[in-house]
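Inspection log for the structure reproduced underneath, given as structure tokens.
Protein chains: 2
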Amino acid sequence: MQVDEGIAILKKNGHKYTDKRADILSYFVHAKGYRSAKALLAFMETSYQGISLDTIYRNLRLFEQLELLESREKNGEKLFKIACKSGTHHHHFVCESCGLTKPLDKCPLPVYTEELADYHIHTHAFELYGLCPTCHHS
Amino acid sequence: MQVDEGIAILKKNGHKYTDKRADILSYFVHAKGYRSAKALLAFMETSYQGISLDTIYRNLRLFEQLELLESREKNGEKLFKIACKSGTHHHHFVCESCGLTKPLDKCPLPVYTEELADYHIHTHAFELYGLCPTCHHS
DNA sequence: CTATTCTATCGTAATCATTTCGATTTGTAA
DNA sequence: TTACAAATCGAAATGATTACGATAGAATAG
């Protein structure tokens, strides 16, 4: 997902271009990992002093609705990362040191088709956490 | 995990017995699934009118520290369930209708040992959501 | 049984993340 | 460039959770 793709999706859905929105997308495109609303606010305040919390949270919600961002919750805080848009369903490894997210080839769901034959599986949550090779060796 | 086991663990760690604590544990032992602080409060108010929020949240935190309860987050709310204490690492299927949690035999981690040979896996999150046979057929 | 000593609880206020609101500004299509 | 819907601001509201000073209660030793 690139910034201009995100802007295009915004426009296609009747939303407007603003510099702030481009900068928010740019922040997540370059972050390559999960970031909090607070971290985004800190980043945005360097370019736009006095930016409203409304702007931060409204856009995070909008971007998540449009599937430009994905989120998870931790310690009562919502964390966001840029969406993958690879088209195919997949999971991630997340580096706890640098925040890098690595897409995984396989999905663990087939492991359970037998054990849960009588159950109706709707969704699943799966993520791995640890250290990427770079962080592990330094 | 039974109520008296939980009370024993409390005492072993220098905490005192109270009827409220026994009732909180009993609530989760019989719930067999995730419940919110608000749901626990509603239950406790039937026996103890005027119970303090402090009591609810302090004990939830304490029980989680002592690993009598486990938690996950959803929509900015923390949900708690009784701990399994089976000794062995395992995951759960969670019924979205009745809240039932079913322990799963297998762990999906082995699926990724090859793909993540250069990575250092620390922890992982995995849970399945859907309908249990009972809720599915009604 | 009673005194002593912590721990638990209450009632309430504070905190933190997030959402909402009325007024104003800005993007964009005609 | 004009008109209008959408975006933003500044600030207040909400909802879940945590914290605090004062009181009540459980455990232990004498």
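So the protein lines, in turn, are chains A and B.
Residue numbering for the first sequence follows full-length UniProt numbering, beginning at 1 and increasing consecutively.
Residue numbering for the second sequence follows full-length UniProt numbering, beginning at 1 and increasing consecutively.
Each residue gets a CB set at the ideal place from its N, CA and C atoms; glycine is no exception.
Checklist entry - Which parts of the segment 39-67 of chain B are runs of the alpha helix (DSSP H), unbroken and 4 residues or longer, counting only runs that do not cross its ends? => result 53-65
Next on the checklist: Taking its Cβ as the centre, do 16 or more other Cβ atoms sit within 10 Å of residue 59 of chain A, making it buried, or is it exposed?
Outcome noted: Residue numbering aside, residue 59 of chain A sits at position 59 when the first sequence is read from its first letter. By the 10 Å Cβ count, residue 59 of chain A comes out buried.
Checklist entry - Between the C-alpha atoms of residue 66 of chain A and residue 108 of chain A, what's the straight-line distance to the nearest angstrom? => result Position 66 of the first sequence holds residue 66 of chain A. Position 108 of the first sequence holds residue 108 of chain A. Taking the straight line from one Cα to the other gives about 26 Å.
Next on the checklist: What residue range does the alpha helix (DSSP H) around residue 101 of chain A cover?
Outcome noted: As a first step, residue 101 of chain A is located in the first sequence; it is residue number 101 there, counting from the start. Counting along the chain, residue 101 of chain A falls outside any alpha helix (DSSP H), though it belongs to the beta strand (DSSP E) covering 101-103.
Checklist entry - If the cut is a Cβ gap below 9 Å, which residues of chain A does residue 132 of chain B touch? => result Within the second sequence, numbered from 1, the residue matching residue 132 of chain B stands at position 132. 118, 119, 120, listed in chain order.
Checklist entry - How close, in whole Å, do the beta carbons of residue 29 of chain B and residue 49 of chain B come, if the pair is a contact with beta carbons under 8 Å? => result On the second sequence, residue 29 of chain B is found 29 positions in, with the first residue counted as 1. On the second sequence, residue 49 of chain B is found 49 positions in, with the first residue counted as 1. With 8 Å as the limit, residue 29 of chain B and residue 49 of chain B do not qualify as a contact, their Cβ atoms being about 23 Å apart.
Next on the checklist: Can you check whether the C-beta of residue 89 of chain A is within less than 9 Å of a C-beta belonging to chain B?
Outcome noted: Along the first sequence, one-based indexing puts residue 89 of chain A at 89. It does not; no Cβ of chain B falls within 9 Å.
Next on the checklist: Determine, for residue 111 of chain A, whether the minimum Cβ-Cβ distance to residues of chain B falls below 9 Å.
Outcome noted: The count along the first sequence starts at 1 and reaches residue 111 of chain A at position 111. By this cut-off, residue 111 of chain A is an interface position.
Next on the checklist: From the DSSP secondary-structure annotation, give me the bridge partner or partners of residue 126 of chain A.
Outcome noted: Here the question's residue 126 of chain A lines up with position 126 in the first sequence. According to DSSP, residue 126 of chain A bridges with B/126.
Checklist entry - Listing by chain order, which chain B residues have their CB less than 7 Å from the CB of residue 23 of chain A? => result Looking up residue 23 of chain A in the first sequence gives position 23. Under the 7 Å cutoff, chain B gives no residues; its nearest Cβ is about 26 Å from residue 23 of chain A.
Next on the checklist: Is there a Cβ of chain B sitting closer than 9 Å to that of residue 128 of chain A, yes or no?
Outcome noted: For the purposes of this step, residue 128 of chain A is taken as residue 128 along the first sequence, with counting starting at 1. With 9 Å as the cut-off, residue 128 of chain A counts as an interface residue toward chain B.
Checklist entry - Among B/80, B/64, B/10, which one has its Cα closest to the Cα of residue 99 of chain B? => result For the purposes of this step, residue 99 of chain B is taken as the residue at position 99 of the second sequence. Cα-wise, what sits closest to residue 99 of chain B is B/80.
Checklist entry - Do we get a CB-CB distance below 9 Å when we pair residue 123 of chain B with the residues of chain A? => result On the second sequence, position 123 is the one that residue 123 of chain B refers to. Yes, its Cβ sits closer than 9 Å to a Cβ of chain A.
Next on the checklist: Can you give me the C-alpha to C-alpha distance between residue 131 of chain B and residue 96 of chain B, rounded to a whole angstrom?
Outcome noted: Taking the first residue of the second sequence as 1, we reach residue 131 of chain B at position 131. Taking the first residue of the second sequence as 1, we reach residue 96 of chain B at position 96. Answer to the nearest angstrom: the Cα atoms are 6 Å apart.
Checklist entry - When you compare each of A/62, A/134, A/24 to residue 45 of chain A by their alpha carbons, which one comes out closest? => result Numbered from 1 along the first sequence, position 45 holds the residue referred to as residue 45 of chain A. Here the closest residue by C-alpha is A/24.
Item to check | Cβ-Cβ distance between residue 70 of chain B and residue 94 of chain B below 9 Å | outcome: Taking the first residue of the second sequence as position 1, residue 70 of chain B is located at position 70. Taking the first residue of the second sequence as position 1, residue 94 of chain B is located at position 94. For residue 70 of chain B and residue 94 of chain B, no; Cβs fall outside 9 Å.
Next on the checklist: Since residue 101 of chain A and residue 92 of chain A should fall inside the 8 Å C-beta cutoff, what is the C-beta to C-beta distance between them, to a whole number of angstroms?
Outcome noted: Locating residue 101 of chain A in the first sequence gives position 101, counting from the first residue. Locating residue 92 of chain A in the first sequence gives position 92, counting from the first residue. Residue 101 of chain A to residue 92 of chain A, Cβ: 5 Å. Contact.
Item to check | Contact list for residue 76 of chain B against chain A, beta-carbon separation under 8 Å | outcome: Here residue 76 of chain B corresponds to residue number 76 of the second sequence, with the count starting at 1. Within chain A, the residues near residue 76 of chain B are 73, 76, 78.
Item to check | Contact list for the segment 96-110 of chain A against chain B, Cβ threshold 7 Å | outcome: 96, 104, 105, 106, 108
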